[in-house]
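Scroll down for the structure; my scribbles are underneath it.
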Amino acid sequence: MRTTSFLPVLLAALLVLPAPRNAAAQQADDPVPQVTRTFALENARVVQAPGRVLERATVIVRDGLIVAVGPNAAVPFDAERIAADSLVVYAGFIDGLSHAGIPKPKEARNQERPKDPGNPPDAEAGIQPDRDARALLDPSDNSLEKLRKAGFTAAHVVPYGRMLPGSGAVILLAGDAANALVLKGDASLFAQFEGAPRMYPATDMAVIARMRQLYREAGRRQRMETLYAQNPTGLERPAYDPVHYAFFPVLDGQKPVFFHTENALDVHRALTLRQELGFPLVLAGLSQGFDALEALRQAGVPLLLTLDLPEEPKKPKAKAAADTTAADTTAAPTAIPADQPKELPAAQQPAYDPDLRTRSHEDVEAEKKNLEARQALERQKYYAAAATLHGAGLAFGFTTMDAKPEDVLKNLRTMVEHGLPEDAALAALTTQPAQILGLSASMGTVEPGKMANLVVASGPLFDAGTRLRYVFVDGRKFEIEAEKTTAATGEGAANPVGTWSYTVETPQGAVGGTITLAGNPGNLSGTITNDASPADEPATLDELNFDGKTLSFSFDAGQFGRISVTATITGDELEGSLDVPGLGVVPLTGTRVSGPDRP
Numbered sequence: 028m029r030t031t032s033f034l035p036v037l038l039a040a041l042l043v044l045p046a047p048r049n050a051a052a053q054q055a056d057d058p059v060p061q062v063t064r065t066f067a068l069e070n071a072r073v074v075q076a077p078g079r080v081l082e083r084a085t086v087i088v089r090d091g092l093i094v095a096v097g098p099n100a101a102v103p104f105d106a107e108r109i110a111a112d113s114l115v116v117y118a119g120f121i122d123g124l125s126h127a128g129i130p131k132p133k134e135a136r137n138q139e140r141p142k143d144p145g146n147p148p149d150a151e152a153g154i155q156p157d158r159d160a161r162a163l164l165d166p167s168d169n170s171l172e173k174l175r176k177a178g179f180t181a182a183h184v185v186p187y188g189r190m191l192p193g194s195g196a197v198i199l200l201a202g203d204a205a206n207a208l209v210l211k212g213d214a215s216l217f218a219q220f221e222g223a224p225r226m227y228p229a230t231d232m233a234v235i236a237r238m239r240q241l242y243r244e245a246g247r248r249q250r251m252e253t254l255y256a257q258n259p260t261g262l263e264r265p266a267y268d269p270v271h272y273a274f275f276p277v278l279d280g281q282k283p284v285f286f287h288t289e290n291a292l293d294v295h296r297a298l299t300l301r302q303e304l305g306f307p308l309v310l311a312g313l314s315q316g317f318d319a320l321e322a323l324r325q326a327g328v329p330l331l332l333t334l335d336l337p338e339e340p341k342k343p344k345a346k347a348a349a350d351t352t353a354a355d356t357t358a359a360p361t362a363i364p365a366d367q368p369k370e371l372p373a374a375q376q377p378a379y380d381p382d383l384r385t386r387s388h389e390d391v392e393a394e395k396k397n398l399e400a401r402q403a404l405e406r407q408k409y410y411a412a413a414a415t416l417h418g419a420g421l422a423f424g425f426t427t428m429d430a431k432p433e434d435v436l437k438n439l440r441t442m443v444e445h446g447l448p449e450d451a452a453l454a455a456l457t458t459q460p461a462q463i464l465g466l467s468a469s470m471g472t473v474e475p476g477k478m479a480n481l482v483v484a485s486g487p488l489f490d491a492g493t494r495l496r497y498v499f500v501d502g503r504k505f506e507i508e509a510e511k512t513t514a515a516t517g518e519g520a521a522n523p524v525g526t527w528s529y530t531v532e533t534p535q536g537a538v539g540g541t542i543t544l545a546g547n548p549g550n551l552s553g554t555i556t557n558d559a560s561p562a563d564e565p566a567t568l569d570e571l572n573f574d575g576k577t578l579s580f581s582f583d584a585g586q587f588g589r590i591s592v593t594a595t596i597t598g599d600e601l602e603g604s605l606d607v608p609g610l611g612v613v614p615l616t617g618t619r620v621s622g623p624d625r626p
């Protein structure tokens, strides 16, 4: 009996199916829109926790909770169904330390110096532990949306300030009122080595001395309060002091001090204070944690690593193409023992010569390149800091305190490229901060009964082409619009605009058609057709992005799900792949047949 494969036929059908109107579009046309708090992410790849993956499962969300996860999860009749065949579901990210939702105060200029700068009022000196982050929240602050677009659904937030800015709160990154944001109040006491200008404590050493003084004074006041509460007869009533009272939960071990550090010296100082005074400590920042590994090992305190990374210096455009000095090398290092600095393979090491000496002005360029190579070597330490901590056996979460939300995914991928295992990176975004903040029972994994805080991505999170499609906060759905990218300019930059003839290679033969792109490299639109059915309406391209070299888009293939395409453009040639849900990835090639430089 003669048999034929359905694959070429199916691919042809997929490529010509027009994108159907989805439920959201139909509701938009309805004069009485339907509202539901029930969602079904159908047939997704679900990463329930680091190392626990369901290759094909449906996630059911109802009333802010995950109620079912599995391949046979029944879809409720009132659910908004989301075709997730080509999508990956993760637990929502948790920011271990942030200022999200708290407007940054304007810096006071020409502030008068206090009459007694050696003993200034506490508020002027930056000593405000009695301030509560909950009272400062603004649900309209755009930092909430920016962080949510980066995949974060909850955050431990603290006030701005100097030495002791106030107490922290755990919030959800969505809510119409300040009270609706708050999940857990009075969660921490925030501290940092930030002195006050022109008054005490102005230096790091003064901050340390003031911290010791405040902690011990608070301890004495707490003992006086205890004695008075047991038997007030004959005792003078203790005076109320809000600064000292703010330390009481810390003294009782019920509230940790989150100490933000900017360098290795800060780490050692914070650990010394903790050893002297005995308070529960969480260390955050740790940008130079690679230089304090042994101290961190011995301390055994919870850690939050910054998601901020040093940027590479920008070079003049005229030199960018021709300058191939070793200082630009950013390739990932091979794995080495965790207590040593991460290094690049010898062949890729920046050519830094520590013994280089210049003899005259004619050698200035050589000295400049040598310094650039040294900077590149130093940057590698920061890129590999997460891998170094992980290799030393130190678990950690992440903090966005110093990071730009729009750089978070890029910096995460840089950390992975420089040796941090993907499961460890995911744990630092989810399970580890949940544990540090006491939230493991409600979030951090994709399981029934947990809060519906979810991140839905177009592919594996740490792949370069992946972008976030949806974020769910407490069961509330937010669709993440694709950012319009500005295409690269100069030599080597491609222009994708035009009509492309493409071919998809399958085991049963080739399938062809055209891709038409209009607009400009930073703002594209387009369609795709199949030669087998030229009369059919072209399918519209969605999630269309171009970074100067790589083109990516998807289109709706109806009942077969959403097909994703990624391709590299070199001149008038296109090469990449097409990902068909349920069928896998097949190669795609193309040639431009018309465009800006072609008739």
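Numbering (our numbering), first residue to last: 28 to 626.
From the three backbone atoms N, C-alpha and C, an ideal C-beta is built for every residue, glycine too.
Item	Value
Report the three-state DSSP secondary structure of Ser170 (helix, strand or coil).	helix
Which residues bound the beta strand (DSSP E) around Ile463?	Taken as a continuous stretch (DSSP letters only), Ile463 belongs to no beta strand (DSSP E), being part of the alpha helix (DSSP H) at Thr458 to Ile463.
In three-state DSSP terms, what is Tyr187?	coil
Between Asp335 and the rest of its own chain, which residues show a CB-CB distance below 6 Å, the 5 nearest in sequence each way excluded?	Asp429 and Ala430
Quick one, which of Ala413, Ile555 and Gly492 has its alpha-carbon nearest Glu449's?	Ala413
Using only the alpha-carbon positions, how far apart do Asp213 and Val613 sit?	53 Å
Please go through the same chain and pick out, in chain order, the residues whose beta-carbon is closer than 6 Å to the beta-carbon of Gly202, but skip the five residues on each side of it.	Pro166 and Leu208
Can you have a look at Asp105 and say buried or exposed, based on whether 16 or more other CB atoms are within 10 angstroms of its CB?	exposed
Given Thr543, which residues of its chain have a CB within under 7 Å of its CB, disregarding the five upstream and five downstream residues?	Thr526, Gly553 and Thr554
Among the residues of its own chain, which have a CB less than 7 Å from the CB of Lys504, if the five just before and after it don't count?	Phe66 and Tyr497
How far does the beta strand (DSSP E) with Asn572 in it extend, from its first residue to its last?	Asp569 to Phe573
Counting only runs of 3+ residues fully inside the segment 52-114, write out the beta strand (DSSP E) ranges in chain order.	65-76, 79-89, 92-97 and 107-110
Please tell me whether Arg72 and Val115 are closer than 8 Å, where the distance is taken between their beta carbons.	yes
Taking the alpha-carbon of Leu416 as reference, which of Glu321, Gly261 and Gly153 has the nearest alpha-carbon?	Glu321
Would you mind sorting Gly316 into buried or exposed? The rule is 16 or more other CB atoms within 10 Å of its CB.	buried
By the three-class DSSP mapping on this structure, what secondary structure does Ile129 have?	coil
Between Thr180 and Met470, what straight-line distance do the alpha-carbon atoms span, to the nearest angstrom?	10 Å
What are the boundary residues of the alpha helix (DSSP H) that includes His295?	Ala291 to Leu304
By Cβ distance below 7 Å, which residues in the same chain neighbour Ala233 in space, the five residues on each side in sequence not counted?	Gly222 and Tyr227
Using beta-carbon positions only, say whether Thr618 and Glu600 come within less than 8 Å of one another.	yes
Report, in whole angstroms, the separation of the C-beta atoms of Ile93 and Val473, which I expect to be a contact under 8 Å.	7 Å
Specify the secondary structure class of Val592 as computed by DSSP and reduced to three states.	strand
When the Cα atoms are used, what is the spatial distance from Leu300 to Leu241?	12 Å
Would the segment 249-268 count as touching the segment 168-185 if we require 3 or more Cβ pairs under 8 Å?	no
Using the beta-carbon count (16 or more within 10 Å), is Gln155 buried or exposed?	buried
What number of angstroms, rounded off, separates the C-alpha of Val277 from the C-alpha of Val284?	7 Å
Indicate whether the contact test is met: 3 or more Cβ pairs, each with one atom in the segment 439-447 and one in the segment 95-113, closer than 8 Å.	no
Exposed or buried, Asn557, counting other C-beta atoms within 10 Å across all chains shown (16 or more means buried)?	buried
Opposite Arg619 in the DSSP bridges: which residues?	Trp527
What residues in its chain sit with their C-beta under 6 Å from that of Pro58, if we drop five residues either side in the sequence?	Residue placement at Pro58 is flagged as unreliable, the pLDDT there being 39, under the threshold of 50; the coordinate-derived value follows with that caveat. So no residue of the chain qualifies.
Whose C-alpha, out of Ser194, Val524, Pro565 and Gly539, is nearest the C-alpha of Asn572?	Val524
Please classify Asn438: does DSSP put it in a helix, a strand, or coil?	helix
Ignore the nearest five residues each way along the sequence and tell me which others in Ile87's own chain have a CB closer than 6 Å to its CB.	Ala67, Val94, Ala95 and Ala100
Short of 8 Å in beta carbon distance, which residues of its chain neighbour Arg324, apart from the five on each side in sequence? Order them along the chain.	Ala419, Gly420 and Leu421
Going by DSSP, what residue range makes up the alpha helix (DSSP H) through Ile235?	Asp231 to Gln257
Mark Thr361 as exposed unless 16 or more other C-beta atoms lie within 10 angstroms of its C-beta, in which case mark it buried.	Residue placement at Thr361 is poorly supported in this model, since its pLDDT is 37, which falls under 50; the coordinates are not used for a value here.
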